[in-house]
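Here the sequence shown stands for residues 1 to 127, where the numbers follow the UniProt record's numbering. For glycine and all other residues, C-beta sits at the position ideal for the given N, C-alpha and C. On a predicted model such as this, the values are computed, not experimentally measured, just so you know. Below is one structure; the comments refer to it alone.
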Amino acid sequence: MDETADYTLEIQIATRFLDEESEPDDDRYVFAYTIRIRNLGRLPAQLLARHWVITDANGRVEEVRGEGVVGEQPRIEPGEQFTYTSGAVLATAVGTMEGSYDMVGDDGTQFDAPIPPFTLSMPRTLH
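And the structure:
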């Protein structure tokens, strides 16, 4: 990673299965994900929009596009971070998400920040 770049974002993801909101008998599996975006670059950048590709274990793909995240379009200063939690509902106990954020720098530079693929998975239980 080039630490001297004007725009360098680090994206970290943590997921959890929401058992209390899920209905496995109805093929409804609810997950939460928390994303931390850290600005490792030299210039501030603002998150304008998001694009998600959500795939369940049956191969069903859903694309989601929208402005900002959780109703915000955060401006992230160098060395600062923005953290938010959102959710996804799948028809299977396992799935994946990946995508990108549409960003704009203070100098007007527009760029995509890729969101690496991550897995949503219901924990396995022993009976």
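Met97 is a Cβ neighbour of Ile54, given a cutoff of 8 angstroms. In terms of Cβ geometry, Thr92 and Asn39 do not form a close pair [threshold 8 angstroms].
Assigned with DSSP and collapsed to three states, Asp112 falls in strand.
When the Cα atoms are used, Tyr33 and Asp56 turn out to be separated by approximately 15 angstroms. Following the DSSP letters along the chain, one finds Arg124 in no beta strand (DSSP E), marked with neither H nor E. For the stretch 35-81, the full-length beta strand (DSSP E) segments reaching 3 residues or more read 45-56 and 61-67 along the chain. The closest CA to that of Pro78, considering only Gly105, Thr15 and Phe31, is found on Gly105. Under DSSP, the beta-bridge partners assigned to Glu98 are Val53. The beta carbon of Ser121 sits closer than 6 angstroms to those of Val94, all from its chain and outside the five residues before and after it, given in chain order. Within the same chain, Cβ atoms closer than 6 angstroms to the Cβ of Ala49 are found at Glu67 and Asp102, the five residues on either side in sequence being excluded. Sequence-distant Cβ neighbours of Leu90 in its own chain, meaning closer than 6 angstroms and more than five residues away, are Tyr29 and Asp56.
Counting only the Cα atoms, Ser100 lies some 6 angstroms from Asp112.
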